[in-house]
Amino acid sequence: MDWQGTIIPALKKIVGENNVLNHAIDLYIYSRDASIDTGMPAAVAFANTTEEVADIVKLANEEGFSIIPRGAGSNVSGGVIPAKPDCLILVVARMNKVVDLDVENFLITVEPGMVCLDLNTYLEPYGFYFPPDPASDKTATIGGMVNNNSGGIRALKYGVTEEWVMGLEIVLSDGSVVNIGNKAIKFVCGYDLVSLFVGSEGTLGIITKAMLKIQPLPAVRLVASGYFNSAFEAGKCVREIIKRGFDPSGTEILDYKTLKAVEEYSGTLKFPECGAVVLVELDGNRDDVEMRLDKLEDLFKEMGAIKSETARDLETCTQVWAARKAAFPALTLRRPTARMEDVSVPLKNLPTMFQEIDRVSEKNGIEIATFGHAGDGNLHPILLWDERDPDEHRRALQTLVDLWHAAVELEGTVTGEHGIGVSKLMMMPVEHQPKVLELKKKIKNAFDPKNIFCPGHVLPIPGQRINILEDD
Amino acid sequence: MTQEDVVSGTMLKPKHKKMRIDADAETETYRCVRCGFCRFACPIFDATQMESYNCRGRIMLERALIEGGFPVDDYAMEILYTCTLCKKCEEHCPAKIKVVDVMDRVREYLADNNYTLSEHRGIADSILEKGNTHGMDYPVVFNEVFGEIKATLPKESSTLYYAGCVGTIDYPDNSRAGVKLLKAAGEEFTMFDSESCCGGFLSWLGFKPYFEKAAKKNIELFKSRGIETIITACPMCASVFNEEYKAISPDTPKAYHISEVLERLIDDGKIKMTKPLEGKVTFKDPCHLGRYALKYDPPRKIIESIPGIEFVELPETKGDARCCGGPIRVPYTELRNDLSDEIVKDAAKLGVQYILTTCPTCHHSIGMRAYRERIRVLELPRLVAYSAGVVDSYR
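First to last, the protein sequences are chains L and F. Going by the numbering used here, the first sequence wraps up at 473, each residue one higher than the last. Going by the numbering used here, the second sequence wraps up at 423, each residue one higher than the last.
Printed below as a string of structure tokens:
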């Protein structure tokens with residue numbers, strides 16, 4: 002493939018001389034995201050319009066190269082990492098404008114590079130917000146969130162991104178541009194292609210616009226904390242909170258190791274000695290939330306909490322959530338390498354998942370601290386090691402694999418909200434029957450027969466190393 | 029570069045000389061989880077929209093140099109030397125990576141191994157040979173600016189007013205106004221016959237042995253003259269004295285930025301401002317007074333005391349304040365202009381007539397661009413001196 006002589010000059014013609022990179026340093030820097038995977042692209046291009054994206058896809062058809070769309074590169078599943086040579090990283094982060102705000106229909110249409118936090122900042126004066134709230138909302142783009150079907154703390158009540166996408170503008174693999182979805186709330190006019198594209202990780206087409214539902218901001222959001230002797234007990238309490246109809250907008254668990262790390266990180270926070278804490282957010286009008294909060298304190302006692310607290314003003318609530326948001330960064334201070342996992346299990350098996358995490362940690366001698374969205378069974382075990390130590394690195398990878406298998410054994414999944422990318426391909430045949438994998442391949446083939454978009458993501462390509470335990 | 033260059037995991041095959049920095053700094057580069065939160069903060073990323081010029085990209089490059097994956101070529105140098113050391117990324121980094129400390133070690137390695145830019149060597153020569161960043165005959169300039177007022181100050185005092193070379197050379201009227209103001213308020217202090225640059229740029233560019241030489245010369249002078257306290261109008265000098273000199277010699281006199289002293293004098297009623305400044309103003313926090321020294325309140329309290337003034341905050345302020353780009357002006361002037369332009373744009377949206385600052389470097393950088401929006405940049409000490417009737421004009 003002639004990158005220097007043909008492809009790069011053609012790309013420059015489409016997006017402009019300064020919007021194509023191919024210096025070795027640039028390629029290296031765009032070879033990684035927030036995962037622990039790496040893959041070198043052949044070039045990087047920055048698109049500013051749907052037309053530029055379409056022209057690049059047409060060029061890819063002519064020249065035979067592959068395309069990986071990239072937003073902020075904050076994903077943790079290797080979702081923007083080339084799995085083969087001759088890949089172009091197509092950065093759409095500069096396409097970050099609001100296209101249309103349709104308040105009467107509770108809709109907003111944005112370009113894919115719009116950052117989640119910027120979207121909510123834009124919506125706030127209108128009294129609205131976009132509920133999916135990944136912890137990376139400061140940097141995560143809407144394009145990335147749609148492609149990964151991102152969740153977050155409030156997914157328990159408001160669902161994941163999928164439930165908030167009404168329509169998409171897509172550049173298909175032949176370079177044509179289509180619009181899918183509808184403004185109508187009820188829409189069953191044939192196959193639901195929007196749902197198919199949400200969570201497709203960029204493998205079916207490139208999203209160039211997204212029409213999203215927006216939600217009125219609640220009057221208040223208050224928080225209660227219950228401290229338990231073990232993560233197992235905390236997990237049982239979470240199930241009870243949901244069963245008894247508290248309707249929390251978020252239910253998080255932080256284990257002992259995470260709490261200790263957050264204490265050290267903050268320098269000011271101090272938690273009671275315990276095995277885990279359950280943080281519960283309730284939203285709605287104040288009287289209703291206050292009443293549920295009172296009852297929640299009673300439930301904590303009934304479930305054997307060592308201590309419980311409620312935060313009834315914005316400042317205290319913000320402090321409680323700051324502790325939750327500090328969980329991952331606090332843990333990164335402990336060792337040079339930190340990997341966040343996102344196993345998800347049915348609620349009944351959540352307490353057992355905590356025990357399994359301890360088991361695989363002990364078996365492999367790799368430290369794991371765990372927190373996560375316990376209310377929907379989605380946990381974030383954080384593996385901590387030093388990738389410069391080959392033996393410890395190998396044990397860390399074995400721990401990952403053990404963890405994934407434990408989640409599947411408990412009728413769950415290796416990924417609740419981060420996606421497969423190139424990081425978890427080896428688990429696709431474990432989680433899916435062969436026939437189901439065949440169907441997925443047919444879907445991919447129907448949309449992208451030349452495998453232009455993200456080859457080796459979600460579904461492997463011939464010769465791809467998918468077993469992370471095999472040597473390079 | 030291809031995937032073949034990756035040896036195991038994400039480590040690169042060592043093909044070039046490995047960069048050696050101390051173990052703590054090296055580990056910091058591995059601790060970066062590449063979450064990209066610095067996209068929200070880095071002013072150079074904001075201007076270029078390229079990851080290679082983002083804090084995350086720089087840390088990746090530093091790591092790659094440690095592993096010997098790349099040679100130190102011109103492009104690597106540009107990426108590493110376009111960081112303004114503004115510390116805004118550190119405000120946003122969830123992993124609390126000590127970005128500026130790492131860059132400090134990296135640049136030390138580069139300079140020690142003769143990876144330097146000719147423009148930076150020029151600055152270093154100026155500081156070492158002429159005692160100022162501009163290559164001027166500094167004793168002559170210093171005497172022209174301060175000769176008259178110096179004659180009215182005590183020869184000896186335990187408090188030194190250290191003017192700083194950038195302000196003295198670029199904005200002599202402002203520098204003089206600060207001295208007159210302190211004197212009028214009854215402060216007792218002395219000034220040297222001439223000054224020698226604090227050497228901050230030597231340190232920031234990686235020329236550590238030269239910096240140490242410049243610092244020791246000043247430290248000795250402070251000791252021999254019995255200096256216990258320093259007042260300076262330059263927040264960069266204050267930061268260098270309080271942080272970098274202290275690391276060399278713990279008994280370095282404590283340095284105060286002039287805005288801290290003015291705040292006290294206004295509180296004590298020793299400065300009374302009566303002449304109004306009619307107009308809408310905003311304030312640009314200098315990185316070295318703000319994120320480096322955490323002095324956010326003194327300038328604001330002073331501004332609120334000035335009669336007639338209408339003060340509005342910039343959208344990004346205090347710990348989140350934008351960097352003017354001044355530290356990279358040589359040789360990256362266009363990039364510096366891009367950074368200052370963003371501050372000017374924000375100020376123009378607020379409809380202000382003046383941007384106030386307390387740093388000569390910010391003044392210079394923003395002032396070079398603000399005129400296009402018919403906005404003037406003013407230094408706070410001179411404005412106070414005007415309002416207190418010590419000088420006749422504030423610009």
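For glycine and all other residues, C-beta sits at the position ideal for the given N, C-alpha and C.
**Report entry** Inter-residue Cα distance where the pair is residue 351 (chain L) and residue 251 (chain L)
**Finding:** Looking up residue 351 (chain L) in the first sequence gives position 350. Looking up residue 251 (chain L) in the first sequence gives position 250. Approximately 16 Å, taken between the alpha carbons.
Report task. Give the range of the beta strand (DSSP E) segment to which residue 214 (chain L) is assigned. Result -> Start at 1 with the first residue of the first sequence, and residue 214 (chain L) comes out as number 213. Element bounds for residue 214 (chain L): 207-214.
**Report entry** 8 Å Cβ cutoff, residue 37 (chain L) in contact with chain F
**Finding:** Reading the first sequence from its first residue, position 36 is the one you call residue 37 (chain L). Yes, residue 37 (chain L) counts as interfacial toward chain F.
Query raised in the report: What number of angstroms, rounded off, separates the C-alpha of residue 43 (chain F) from the C-alpha of residue 331 (chain L)?
Result: By one-based count along the second sequence, residue 43 (chain F) stands at place 15. By one-based count along the first sequence, residue 331 (chain L) stands at place 330. Each residue's Cα considered, the two are about 35 Å apart.
**Report entry** Counterpart residues of residue 58 (chain F) in DSSP-defined beta bridges
**Finding:** As a first step, residue 58 (chain F) must be located in the second sequence, where it is residue number 30. DSSP output for residue 58 (chain F) lists no bridge partner at all.
Requested in this report: For the beta strand (DSSP E) containing residue 259 (chain L), list its first residue and its last residue.
Outcome: Locating residue 259 (chain L) in the first sequence gives position 258, where the first residue counts as 1. Counting along the chain, residue 259 (chain L) falls outside any beta strand (DSSP E), though it belongs to the alpha helix (DSSP H) covering 257-267.
Report task. Please determine, among L:422, L:454, L:441, the residue with the shortest C-alpha to C-alpha distance to residue 467 (chain L). Result -> Translated into positions along the first sequence, residue 467 (chain L) becomes position 466. Nearest C-alpha to residue 467 (chain L): L:422.
Query raised in the report: By Cβ distance, which residues of its chain are closer than 7 Å to residue 387 (chain L), with the 5 residues on each side in sequence left out?
Result: Sequence index remark: in the first sequence, residue 387 (chain L) carries index 386 (1-based). Closer than 7 Å at Cβ, skipping near neighbours: 336, 337, 338, 393.
Requested in this report: Within the same chain, show all residues whose beta-carbon is closer than 7 Å to that of residue 318 (chain F), passing over the 5 residues directly before and after it, in chain order.
Outcome: Position 290 of the second sequence holds residue 318 (chain F). 324, 346, 347, 349, listed in sequence order.
Query raised in the report: Assuming residue 156 (chain F) and residue 242 (chain F) make a contact with CB atoms under 8 Å, what is their CB distance in whole Å?
Result: One-based indexing of the second sequence puts residue 156 (chain F) at position 128. One-based indexing of the second sequence puts residue 242 (chain F) at position 214. That belief holds up - the Cβ atoms of residue 156 (chain F) and residue 242 (chain F) are roughly 7 Å apart, short of 8 Å.
**Report entry** Near-chain C residues of the segment 96-109 of chain F - C-beta to any C-beta below 9 Å
**Finding:** Protein chains in the displayed structure are L and F, and chain C is not among them.
Report task. Mind listing the chain F neighbours of residue 139 (chain L)? Cutoff is C-beta to C-beta under 8 Å, in chain order. Result -> Locating residue 139 (chain L) in the first sequence gives position 138, where the first residue counts as 1. Near residue 139 (chain L) (Cβ distances below 8 Å), the residues of chain F are 65, 68, 120.
Query raised in the report: Starting from residue 311 (chain F) and walking both ways along the alpha helix (DSSP H), at which residues does that stretch end?
Result: Counting from one through the second sequence, the residue named residue 311 (chain F) turns up at place 283. No alpha helix (DSSP H) holds residue 311 (chain F); the beta strand (DSSP E) holding it covers 307-311.
Requested in this report: Could you check what DSSP says for residue 239 (chain L) in three-state terms: helix, strand or coil?
Outcome: One-based indexing of the first sequence puts residue 239 (chain L) at position 238. Three-state DSSP puts residue 239 (chain L) in a helix.
Report task. Indicate whether residue 205 (chain F) and residue 410 (chain F) have their beta-carbon atoms separated by less than 8 Å. Result -> Against the second sequence, residue 205 (chain F) aligns to sequence position 177. Against the second sequence, residue 410 (chain F) aligns to sequence position 382. In contact: residue 205 (chain F) and residue 410 (chain F) (Cβ atoms closer than 8 Å).
Query raised in the report: Quick one: what does DSSP say residue 160 (chain L) is sitting in, helix, strand or coil?
Result: As a first step, residue 160 (chain L) must be located in the first sequence, where it is residue number 159. Three-state result, residue 160 (chain L): coil.
Report task. Spell out whether any CB of chain F is found under 8 Å from the CB atom of residue 131 (chain L). Result -> Translated into the one-based positions of the first sequence, residue 131 (chain L) becomes position 130. By this cut-off, residue 131 (chain L) is not an interface position.
Query - Among F:387, F:393, F:380, F:386, nearest to residue 369 (chain F) - alpha-carbon criterion - result: Reading the second sequence from its first residue, position 341 is the one you call residue 369 (chain F). When only C-alpha atoms are compared, the closest one is F:393.
Query raised in the report: Along the chain, where does the alpha helix (DSSP H) that runs through residue 43 (chain F) open and close?
Result: Against the second sequence, residue 43 (chain F) aligns to sequence position 15. No alpha helix (DSSP H) holds residue 43 (chain F); DSSP gives it neither H nor E.
Report task. Could you tell me whether the Cβ atoms of residue 220 (chain L) and residue 121 (chain L) are closer together than 8 Å? Result -> Mapped onto the first sequence, residue 220 (chain L) falls at position 219. Mapped onto the first sequence, residue 121 (chain L) falls at position 120. Not in contact: residue 220 (chain L) and residue 121 (chain L) (Cβ atoms no closer than 8 Å).
Query raised in the report: Can you list, in chain order, the residues of the segment 112-140 of chain F whose Cβ is nearer than 7 Å to any Cβ on chain L?
Result: 122, 123, 124
Query - Endpoints, beta strand (DSSP E) assigned at residue 88 (chain L) - result: Taking the first sequence and counting its residues from 1, one reaches residue 88 (chain L) at position 87. From DSSP, the beta strand (DSSP E) with residue 88 (chain L) extends over 88-92.
Query raised in the report: Given 8 Å as the limit, is there contact between the segment 270-286 of chain F and the segment 242-256 of chain F, that is, 3 or more CB pairs closer than that?
Result: Between the segment 270-286 of chain F and the segment 242-256 of chain F, the count of C-beta pairs closer than 8 Å reaches three or more; the two stretches touch.
Query raised in the report: Does residue 177 (chain L) come within less than 8 Å of chain F when only Cβ atoms are used?
Result: Taking the first residue of the first sequence as 1, we reach residue 177 (chain L) at position 176. Output row for residue 177 (chain L): interface = no.
Query raised in the report: Are residue 361 (chain L) and residue 390 (chain L) closer than 8 Å when you measure CB to CB?
Result: The residue labelled residue 361 (chain L) in the question sits at position 360 within the first sequence. The residue labelled residue 390 (chain L) in the question sits at position 389 within the first sequence. It is not a contact, given that the beta carbons lie outside the stated cut-off.
Query raised in the report: Using 8 Å as the Cβ pair cut-off and three pairs as the minimum, do the segment 43-63 of chain L and the segment 179-198 of chain L touch?
Result: No, the segment 43-63 of chain L does not touch the segment 179-198 of chain L.
**Report entry** Selection of the segment 94-115 of chain L by Cβ proximity to chain F, strictly under 8 Å
**Finding:** 94, 95
Report task. For residue 65 (chain F), name the three-state secondary structure that DSSP assigns. Result -> In the second sequence, counting from the first residue as 1, residue 65 (chain F) sits at position 37. Here residue 65 (chain F) sits in helix by DSSP.
Query - Cross-chain neighbours of residue 123 (chain L) in chain F, by beta carbon under 9 Å - result: In the first sequence, residue 123 (chain L) corresponds to position 122, counting from 1. Going along chain F, no residue has its Cβ under 9 Å from residue 123 (chain L), so there is no contact; the nearest lies around 14 Å.
Query - Which listed residue (F:404, F:310, F:389, F:183) has its alpha carbon closest to that of residue 22 (chain F) - result: Because chain F here runs from 29 to 423, residue 22 (chain F) falls outside it and cannot be looked at.
Requested in this report: Run down chain F in chain order and give the residues with a C-beta less than 9 Å from the C-beta of residue 420 (chain L).
Outcome: The residue labelled residue 420 (chain L) in the question sits at position 419 within the first sequence. Near residue 420 (chain L) there are no residues of chain F at all, since even the closest Cβ is about 16 Å away, more than 9 Å.
Query raised in the report: Should residue 153 (chain L) be flagged as near chain F, meaning a C-beta pair shorter than 8 Å?
Result: For the purposes of this step, residue 153 (chain L) is taken as residue 152 along the first sequence, with counting starting at 1. It does not; no Cβ of chain F falls within 8 Å.
**Report entry** Extent of the continuous beta strand (DSSP E) to which residue 383 (chain L) belongs
**Finding:** Residue 383 (chain L) sits at position 382 when you count from the first residue of the first sequence. Its beta strand (DSSP E) spans residues 379-386.
Query raised in the report: Do residue 462 (chain L) and residue 85 (chain L) have their CB atoms nearer than 8 Å?
Result: Taking the first residue of the first sequence as position 1, residue 462 (chain L) is located at position 461. Taking the first residue of the first sequence as position 1, residue 85 (chain L) is located at position 84. Cβ distance < 8 Å, so residue 462 (chain L) and residue 85 (chain L) count as in contact.
Requested in this report: State the beta-bridge partners of residue 369 (chain L) as determined by DSSP.
Outcome: As a first step, residue 369 (chain L) is located in the first sequence; it is residue number 368 there, counting from the start. Note: residue 369 (chain L) sits in a beta bridge opposite L:384.
Query raised in the report: For residue 284 (chain L), which three-state DSSP category applies?
Result: Looking up residue 284 (chain L) in the first sequence gives position 283. Residue 284 (chain L) falls in the strand class under three-state DSSP.
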